[in-house]
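Shown next, in structure tokens, is the structure this report addresses.
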Amino acid sequence: MTVTCVIGLQWGDEAKGKIVDLLTEAHDVVVRYQGGSNAGHTVVTGGKTYKLSLVPSGILRPGVQCVVTGGVVLNPASLLEEMGRLRSAGVEIGKNLMISRRAHVIFPWHMEEERVLDARVASDKSIGTTMRGIGPCYRDKVGRSNAIRLGDMYRPEFHDQVARIVEHKNLTLKALATNVDFKPLDAEAIFAEYSQYAAQLQPHVCDTTEYLLDAVESGQHVLFEGAQGALLDIDHGTFPYVTSSNSSGVGIPAGSGVPGKYLDKVIGVLKAYSTRVGGGPFPTELDNELGQTIRDRGNEYGTVTGRPRRCGWFDAVAARYAARLSGVDVLVISLLDVLSTVGDLKICVEYKLDGKRLDCFPSHVDDLKRVAPVYETLPGWDAEISDVRRYEDLPENARAYLSRISEVVGRPVEIVSVGADREQTLFADDAAAASYVPR
Ligand code: IMO
Ligand code: MG
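Structure (structure tokens):
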């Protein structure tokens, strides 16, 4: 296998960072290809915890080339802050970080736009975004006339581009800010600030599309690191409660420029239960004491915004849809340890709408809000499992729970994670373990 992809199959926060970290030593290149600093990836390695957002998790391994492609929306201030933080922790960042000059840049007007527009939406209709300017930046990308890409910041027109866009944004934002304060943006200050960022980032800026095409054509081992999860995909997720990029497997070719035919293995990461941050339908949500128990046991609070995550039962209907959509070959089930001691467990195996079984995942949010999940109940297990180191040593009920998940999602389980540490990783069999061995 030369090209591997790690995709979240729920609404984000599936512990993708840990799996990417496990795989990096078997790869030459690690690629972030969509999203931006809405992502929060936690990697525990060598006894240290690293929080990553825009920088690919491969940065923690010397000799691994990290690439941020043009499909990403880039906030230079947060990227530089993250690079600084990593460097202070002893991580080397030099030529091992490449950033596409095609990446669209997040400016202060994007954050302002998100704040001003969100204030005009009734709270029960709010998407509950991370407020990082992700949506407004992708909107400008698609709209084209007010977009600035990283490569534009090194060209003579940059100053005038900023001045023209700031004039436009000040006009529209002032008119829309009827219920919040809005201080007009200062084009000269923004130009000066961003010119400094451009200078600091320059050593990393290049054509990542050509680089990655060369890499896959020459048989290098490339790892694609998905951010968010398939159910937050702009086209195929629970629209409009989604993020603004293709966060399912379909986003890899578009975001990176690498044709889909090169993708050899797609790993879908699923929590042993479900979580979601922000608004939107969540059929298996446990808005009760049990949900709180899972939140506490799983420390389900957002890495980026600190918000408590909504928790619920494993939704096999949604997971199966997400796995098919992302071309998933094998599953990783994370945070299984969280379910120890909680009692009987439920898996949603079917949705009913108005008493009728649905044979596809609903495309409209109002239908998804109304579906009645049909559950199967499986016995839980009483022992804590975070010290278990071999798959076969898991309690029988835990193994039965995993088998049932695998059956209904329709994919084999290759890895089970019982904690954030590397050692807390159980491989289903020797063949699975072999594919994670450093080359
Ligand atoms: P990682 O990579 C969980 C959610 C937000 C909100 C919606 C839209 O850590 O799994 P946005 O700011 O992207 O426009 O917000 O998407 N969201 C995430 N939820 N994990 C993430 O990333 C997320 N990135 C965005 O909470 O509901
Ligand atoms: Mg996260």
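Each residue of the sequence shown is one higher than the last, beginning at -6 in this note's numbering.
In this text, a Cβ means the ideal position worked out from N, Cα and C, and glycines have one as well.
As the structure is a computational prediction, the values presented were derived from the model and not from experiment.
Give me, in chain order, the residues of the same chain whose beta-carbon lies closer than 6 Å to that of residue i; leave out the 5 immediate sequence neighbours on both sides.
{"i": "LEU351", "result": "TYR344"}
{"i": "VAL401", "result": "ALA309 and VAL342"}
{"i": "LEU216", "result": "THR(-3), LEU16, HIS20 and VAL23"}
{"i": "GLU407", "result": "VAL323, ALA421 and ALA425"}
{"i": "GLY121", "result": "GLY271 and GLY272"}
{"i": "TYR429", "result": "LEU15"}
{"i": "GLY230", "result": "LEU224"}
{"i": "LEU256", "result": "VAL(-4) and CYS(-2)"}
{"i": "GLU278", "result": "ARG303 and GLY305"}
Given that a residue counts as buried once 16 or more other Cβ atoms are within 10 Å of its Cβ, and exposed if not, what is residue i?
{"i": "GLY305", "result": "buried"}
{"i": "ALA96", "result": "buried"}
{"i": "HIS161", "result": "exposed"}
{"i": "ARG269", "result": "buried"}
{"i": "VAL66", "result": "buried"}
{"i": "HIS357", "result": "exposed"}
{"i": "LYS11", "result": "buried"}
{"i": "LEU318", "result": "buried"}
{"i": "ALA8", "result": "buried"}
{"i": "ALA82", "result": "exposed"}
{"i": "ASN89", "result": "buried"}
{"i": "GLY212", "result": "exposed"}
{"i": "ARG113", "result": "exposed"}
{"i": "GLY39", "result": "exposed"}
{"i": "GLU293", "result": "buried"}
{"i": "SER93", "result": "buried"}
{"i": "LEU433", "result": "What is shown of the chain runs -6 to 432, which leaves residue 433 out entirely."}
{"i": "ARG80", "result": "exposed"}
{"i": "VAL159", "result": "buried"}
{"i": "LYS264", "result": "buried"}
{"i": "ARG383", "result": "exposed"}
May I ask whether a heavy atom of ligand 1 can be found less than 7 Å away from the beta carbon of residue i?
{"i": "THR122", "result": "yes"}
{"i": "TYR234", "result": "yes"}
{"i": "ASP491", "result": "Residue 491 cannot be examined here, being either before or after the span of the chain that is shown, -6 to 432."}
{"i": "ARG125", "result": "yes"}
{"i": "GLN27", "result": "no"}
{"i": "ALA220", "result": "yes"}
{"i": "LEU225", "result": "yes"}
{"i": "VAL270", "result": "yes"}
{"i": "SER267", "result": "no"}
{"i": "GLY128", "result": "yes"}
{"i": "GLY64", "result": "no"}
{"i": "GLY1", "result": "yes"}
{"i": "SER237", "result": "yes"}
Near residue i, what residues of its chain come up, given a Cβ to Cβ distance below 7 Å and the 5 sequence neighbours on each side ignored?
{"i": "PRO372", "result": "ASP337 and ASN390"}
{"i": "PRO55", "result": "GLU85"}
{"i": "ALA220", "result": "ARG25, GLN27, GLY28, ALA32 and SER240"}
{"i": "VAL411", "result": "LEU329, ASP330, ILE378, SER379, VAL381, GLN417 and LEU419"}
{"i": "ALA156", "result": "ALA180"}
{"i": "TRP374", "result": "SER333, PRO388, ASN390 and ALA391"}
{"i": "GLU18", "result": "ARG54 and PRO431"}
{"i": "ARG288", "result": "PRO301, ARG302 and CYS304"}
DSSP puts residue i in a beta bridge; with which residues?
{"i": "VAL98", "result": "LEU67"}
{"i": "LYS345", "result": "ARG350 and ALA365"}
{"i": "PRO187", "result": "In the sequence on display, residue 187 carries Tyr and not Pro. None, per the DSSP bridge assignment."}
{"i": "GLU218", "result": "VAL(-1) and ARG25"}
{"i": "ILE227", "result": "DSSP, once it has assigned bridges, lists no residue as partnering ILE227."}
{"i": "TYR43", "result": "VAL36"}
{"i": "VAL61", "result": "ARG25 and ILE92"}
{"i": "LYS339", "result": "THR370"}
Taking 7 Å as the cut-off, does the CB of residue i come closer than this to any heavy atom belonging to ligand 2?
{"i": "GLY230", "result": "no"}
{"i": "ALA413", "result": "no"}
{"i": "GLY33", "result": "yes"}
{"i": "VAL325", "result": "no"}
{"i": "THR42", "result": "no"}
{"i": "THR296", "result": "yes"}
Enumerate in chain order the residues of its own chain whose CB-to-CB distance from residue i is below 8 Å, with the five nearest sequence positions on each side excluded.
{"i": "LEU73", "result": "TYR190, GLN193 and LEU194"}
{"i": "VAL13", "result": "VAL(-1), VAL23, HIS34, VAL36, PRO49, SER50, GLY51, LEU216 and GLU218"}
{"i": "LEU205", "result": "VAL22, VAL24, VAL60, THR62, VAL215, SER249, GLY250 and VAL251"}
{"i": "GLY403", "result": "ARG313, ALA316 and ARG317"}
{"i": "LYS167", "result": "PHE175 and PRO177"}
Alpha helix (DSSP H) runs contained entirely in the stretch 120 to 152, provided each spans 4 or more residues: 127 to 136
What are the complete beta strand (DSSP E) segments, minimum 3 residues, inside the stretch 255 to 324? 258 to 264, 267 to 269 and 303 to 305
Which complete alpha helix (DSSP H) runs does the stretch 361 to 431 hold, if anything under 4 residues is left out? 389 to 402 and 423 to 427
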